[in-house]
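S.K.: Counting from 1, position 70 in the sequence shown corresponds to residue 98 in this note's numbering; the numbering is continuous, with no gaps.
Ideal Cβ placement from N, Cα and C applies to all residues, glycine included.
On a predicted model such as this, the values are computed, not experimentally measured, just so you know.
What follows is a structure written as structure tokens; I'll ask about it next.
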Amino acid sequence: MPLVHMNDMLNHAYRHGYAVGAFAVVSLDFLEGIMDAAEESRSPVILNLTESHFDYYDFDLLAPAVLAAAKRAQVPVAVHLDHGKSPDSAERAIQAGCSGIMVDASHLPFDQNLQFTRQTAALAHACGVAVEGELGYVAGGKGENAEKHGGELAYTSPAEAKAFVDRTEVDCLAVSVGTVHGRMAGSVKLDFARLGKINETLAIPLVIHGGSGLADDQYRKLIAHGVAKINCYTALSDVAVKVIRENAATSGYMALNRGVRSAVRQEVERCIRLWGGSGRAAEVLAQCQVPKEVDHLILYDTPADLSDESLAVMVRRGKDKLRAIPGVRHIFPGKALQNEGRYQHCWLVRFTSQAVAEHYRSHPAYGEFFDKLLRPSAKDLAVFNFEERD
Ligand SMILES: [Zn+2]
Numbered sequence: 029m030p031l032v033h034m035n036d037m038l039n040h041a042y043r044h045g046y047a048v049g050a051f052a053v054v055s056l057d058f059l060e061g062i063m064d065a066a067e068e069s070r071s072p073v074i075l076n077l078t079e080s081h082f083d084y085y086d087f088d089l090l091a092p093a094v095l096a097a098a099k100r101a102q103v104p105v106a107v108h109l110d111h112g113k114s115p116d117s118a119e120r121a122i123q124a125g126c127s128g129i130m131v132d133a134s135h136l137p138f139d140q141n142l143q144f145t146r147q148t149a150a151l152a153h154a155c156g157v158a159v160e161g162e163l164g165y166v167a168g169g170k171g172e173n174a175e176k177h178g179g180e181l182a183y184t185s186p187a188e189a190k191a192f193v194d195r196t197e198v199d200c201l202a203v204s205v206g207t208v209h210g211r212m213a214g215s216v217k218l219d220f221a222r223l224g225k226i227n228e229t230l231a232i233p234l235v236i237h238g239g240s241g242l243a244d245d246q247y248r249k250l251i252a253h254g255v256a257k258i259n260c261y262t263a264l265s266d267v268a269v270k271v272i273r274e275n276a277a278t279s280g281y282m283a284l285n286r287g288v289r290s291a292v293r294q295e296v297e298r299c300i301r302l303w304g305g306s307g308r309a310a311e312v313l314a315q316c317q318v319p320k321e322v323d324h325l326i327l328y329d330t331p332a333d334l335s336d337e338s339l340a341v342m343v344r345r346g347k348d349k350l351r352a353i354p355g356v357r358h359i360f361p362g363k364a365l366q367n368e369g370r371y372q373h374c375w376l377v378r379f380t381s382q383a384v385a386e387h388y389r390s391h392p393a394y395g396e397f398f399d400k401l402l403r404p405s406a407k408d409l410a411v412f413n414f415e416e417r418d
């Protein structure tokens, strides 16, 4: 049940002066370690699925596990597409059930970043999904991070950030104030004056990427300057690698990975404590919308002169049309098991949230499905929307 709208969660953190950890999930060990820590700390948590990691795991296999962990949790959880690279990946994440997406376009010139982010934000908002943009560029430190986030660090300009947020309507903004993805060689200097100005100008939750390895006091100052979401992967990767190295003399895959879950849990607990999320779960849950799936049910009969072949064509084309609507999660064209009585056919279409149920009718693909394909092949149409009872 506690998969919640990410925007509500971040607004709570922003108003109450703490930051929610957004921890990257790359395996079930990571997922379970992060959730153990959040439950133990009674803290809200964000589970990040990071697109640059998709060459390591299959999103379509891991995302359902992450969603299942969120739905059975006792603490509020948001599932977030991190560094989404294209409108297609945003749609895929929304369809999978993510409650937040990040648009990764900060490497592009300002106007292109703005346009891409605005389009994706409109799509996500129509599905009730929160959107994180990025302005300025958080580069990679070294090793795999340098490869994945090439190029030079570019600081966020407060004036540009204002124009960007006003025009894209993003819910939170990742800013560049001196951190890097991964670890920086030597100590990190953060531009708090810049961050303070951005916070004053925008007054929305700010996000830090490259949040591993800062000093405790730096985290506190970031949060005091409006940071309400801190991304973390490298610190978890480091503790997991350390455990695996210590297990190197053992034989067997499971023996090698023994202890990874508990090391991840300890590091996540440390972050949650430091960033102020401990004990916040109940008050966050009380203030968050919980997205509910909606079932769109169409019952119909066919005219006597409609051939089986024509019906099959309508069903095939109809599926293609419905698939094009963002937030459509599952499509089930059905036929009755009994051969007599009213309503021998149906479409059961599952939407990811109530927000989709409010907007699907205005999508051109739905008009084409309903008016051009279904209506000419049907008689006695009945249409209903259902949401799950509490
Ligand atoms: Zn990042």
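Unbroken alpha helix (DSSP H) runs of length 4 or more, entirely within the stretch 139–185: which are they?
M.R.: For the stretch 139–185, whole alpha helix (DSSP H) runs of length 4 or above, ordered along the chain, are 172–176.
S.K.: Could you check if Val166 belongs to the surroundings of ligand 1, using beta carbon to heavy atom distance under 8 Å?
M.R.: Here residue 166 is taken as the residue at index 138 of the sequence shown, counted from 1. It does: the Cβ of Val166 is within 8 Å (strictly closer) of some heavy atom of ligand 1.
S.K.: What does the alpha-carbon distance come out to for the pair Thr148 and Arg370?
M.R.: Position 120 of the sequence shown, counting from 1, holds the residue named residue 148. Position 342 of the sequence shown, counting from 1, holds the residue named residue 370. About 42 Å.
S.K.: Mapping DSSP to helix, strand and coil, what is Tyr328?
M.R.: Walking along the sequence shown from the start, residue 328 turns up at place 300. It is a strand residue.
S.K.: Pair every Cβ in the stretch 43–56 with every Cβ in the stretch 303–310, then say whether three or more of these pairs are closer than 8 Å.
M.R.: Enough Cβ pairs lie closer than 8 Å, so yes.
S.K.: Run through DSSP, which three-state label would Gly45 get?
M.R.: Counting from 1 along the sequence shown, the entry for residue 45 is found at position 17. If DSSP states are grouped into helix, strand and coil, Gly45 belongs with coil.
S.K.: Roughly how many angstroms lie between the CA atoms of Ala410 and Ala152, to the nearest whole one?
M.R.: Against the sequence shown, residue 410 aligns to sequence position 382. Against the sequence shown, residue 152 aligns to sequence position 124. Looking at the two C-alpha atoms, the distance is approximately 29 Å.
S.K.: Measure the C-alpha to C-alpha separation of Ala65 and Ala291 and round it to an integer number of angstroms.
M.R.: Within the sequence shown, the letter at position 37 stands for residue 65. Within the sequence shown, the letter at position 263 stands for residue 291. Near 10 Å, if we compare the C-alpha coordinates of Ala291 and Ala65.
S.K.: With H, G and I counted as helix, E and B as strand and the rest as coil, what does DSSP make of Val208?
M.R.: Taking the sequence shown and counting its residues from 1, one reaches residue 208 at position 180. Val208 falls in the coil class under three-state DSSP.
S.K.: Taking the DSSP output, what are the residues bridged to Val411?
M.R.: Here residue 411 refers to the residue found at position 383 of the sequence shown. Answer is Ile326.
S.K.: Could you compute how far the alpha carbon of Val318 sits from the alpha carbon of Arg351?
M.R.: Within the sequence shown, residue 318 is the residue found at index 290, counting from 1. Within the sequence shown, residue 351 is the residue found at index 323, counting from 1. Looking at the two C-alpha atoms, the distance is approximately 24 Å.
S.K.: Closer than 8 Å: is that where the CB of Gly238 sits relative to any heavy atom of ligand 1?
M.R.: Translated into the one-based positions of the sequence shown, residue 238 becomes position 210. Correct: Gly238 has its Cβ closer than 8 Å to ligand 1.
S.K.: On the three-state DSSP scale, how would you describe Cys126?
M.R.: Counting from one through the sequence shown, the residue named residue 126 turns up at place 98. Coil at Cys126, not helix or strand.
S.K.: With Asp418 as the anchor, note down where its alpha helix (DSSP H) starts and where it stops.
M.R.: Reading the sequence shown from its first residue, position 390 is the one you call residue 418. Taken as a continuous stretch (DSSP letters only), Asp418 belongs to no alpha helix (DSSP H), as it is neither H nor E.
S.K.: Look up Thr78 in the DSSP assignment and give the residues it is bridged to.
M.R.: The residue given as residue 78 occupies position 50 in the sequence shown. Per DSSP, Asp110.
S.K.: What's the C-alpha gap between Val384 and Gly355?
M.R.: Counting from 1 along the sequence shown, the entry for residue 384 is found at position 356. Counting from 1 along the sequence shown, the entry for residue 355 is found at position 327. For Val384 and Gly355, the distance between alpha carbons rounds to 6 Å.
S.K.: Give me whichever residues DSSP pairs with Cys200 in a beta bridge.
M.R.: On the sequence shown, position 172 is the one that residue 200 refers to. DSSP, once it has assigned bridges, lists Glu160 as partnering Cys200.
S.K.: How far does the alpha helix (DSSP H) with Phe87 in it extend, from its first residue to its last?
M.R.: For the purposes of this step, residue 87 is taken as the residue at position 59 of the sequence shown. Per DSSP, Phe87 belongs to the alpha helix (DSSP H) from 87–100.
S.K.: As a quick exercise: from Ser71, Ser80, Glu68, Ala52, pick the residue whose alpha carbon is nearest that of Val94.
M.R.: Position 66 of the sequence shown, counted from the start, is the residue given in the question as residue 94. If we check each option's Cα against that of Val94, Ala52 comes out closest.
S.K.: Applying the criterion that 16 or more other CB atoms from any shown protein chain within 10 Å of the CB defines a buried residue, is Asn76 buried or exposed?
M.R.: The residue labelled residue 76 in the question sits at position 48 within the sequence shown. It counts as buried.
S.K.: May I have a chain-ordered list of the alpha helix (DSSP H) segments no shorter than 4 residues that lie completely inside the stretch 350–399?
M.R.: With a minimum length of 4 residues, the continuous alpha helix (DSSP H) runs that stay inside the stretch 350–399 are 382–387, 392–395.
S.K.: Within 8 Å, do at least three Cβ pairs link the stretch 230–243 to the stretch 280–294?
M.R.: In short, these stretches do not touch, since the Cβ pair count stays below three.
S.K.: Thinking C-beta only, is Pro72 closer than 9 Å to Ala106?
M.R.: Against the sequence shown, residue 106 aligns to sequence position 78. Against the sequence shown, residue 72 aligns to sequence position 44. In this structure, Pro72 lies closer than 9 Å to Ala106 by Cβ.
S.K.: Going by the DSSP bridge assignment, what does Val105 pair with across the sheet?
M.R.: Counted from its first residue, the sequence shown places residue 105 at position 77. Paired residue(s): Leu31, Val73.
S.K.: Can you tell me whether DSSP reads Cys316 as helix, strand or coil?
M.R.: Position 288 of the sequence shown holds residue 316. The answer is coil: DSSP assigns Cys316 none of H, G, I, E or B.
S.K.: Out of His373, Gln315, Val157, Leu250, point me to the one whose CA is closest to Ala340's CA.
M.R.: For the purposes of this step, residue 340 is identified with residue 312 of the sequence shown, where counting begins at 1. Minimum Cα distance to Ala340 is reached at His373.
S.K.: Would you be able to state if there are at least three C-beta pairs under 8 Å between the stretch 175–193 and the stretch 217–237?
M.R.: Judged by Cβ distances under 8 Å, the stretch 217–237 makes contact with the stretch 175–193, as three or more pairs qualify.
S.K.: Determine the extent of the alpha helix (DSSP H) in which Val235 is found, giving its start and end residues.
M.R.: For the purposes of this step, residue 235 is identified with residue 207 of the sequence shown, where counting begins at 1. Premise fails: Val235 lies in the beta strand (DSSP E), 234–236, not in any alpha helix (DSSP H).
S.K.: Tell me the rounded alpha-carbon separation between Met282 and Gly61.
M.R.: Counting from 1 along the sequence shown, the entry for residue 282 is found at position 254. Counting from 1 along the sequence shown, the entry for residue 61 is found at position 33. Going from the Cα of Met282 to the Cα of Gly61 covers about 16 Å.
S.K.: Could you give the DSSP three-state label for Ala310: helix, strand or coil?
M.R.: Taking the sequence shown and counting its residues from 1, one reaches residue 310 at position 282. DSSP places Ala310 in helix when its eight states are reduced to three.
S.K.: Decide if Pro331 is buried, meaning its Cβ has at least 16 other Cβ atoms within 10 Å, or exposed.
M.R.: Taking the first residue of the sequence shown as position 1, residue 331 is located at position 303. Exposed.
S.K.: Which residue or residues does DSSP assign as beta-bridge partners of Ile258?
M.R.: In the sequence shown, the residue the question calls residue 258 occupies position 230. According to DSSP, which records beta bridges pairwise, Ile258 is partnered with Gly49, Ile236.
S.K.: Would DSSP call Val54 helix, strand or coil?
M.R.: As a first step, residue 54 is located in the sequence shown; it is residue number 26 there, counting from the start. Coil.
S.K.: Quick check: the Cα distance between Gly156 and Arg195, rounded to an integer number of angstroms?
M.R.: Your numbering for residue 156 matches position 128 in the sequence shown. Your numbering for residue 195 matches position 167 in the sequence shown. Each residue's alpha carbon lies about 18 Å from the other.
S.K.: Taking Cβ to Cβ, would you say Ser134 is nearer than 9 Å to Ser204?
M.R.: Counted from its first residue, the sequence shown places residue 134 at position 106. Counted from its first residue, the sequence shown places residue 204 at position 176. Taking 9 Å as the Cβ cut-off, Ser134 and Ser204 qualify as a contacting pair.
S.K.: Go ahead and label Lys257 buried or exposed: buried means 16 or more other beta carbons lie within 10 angstroms of its beta carbon, across all protein chains shown.
M.R.: Within the sequence shown, the letter at position 229 stands for residue 257. Buried is the call here.
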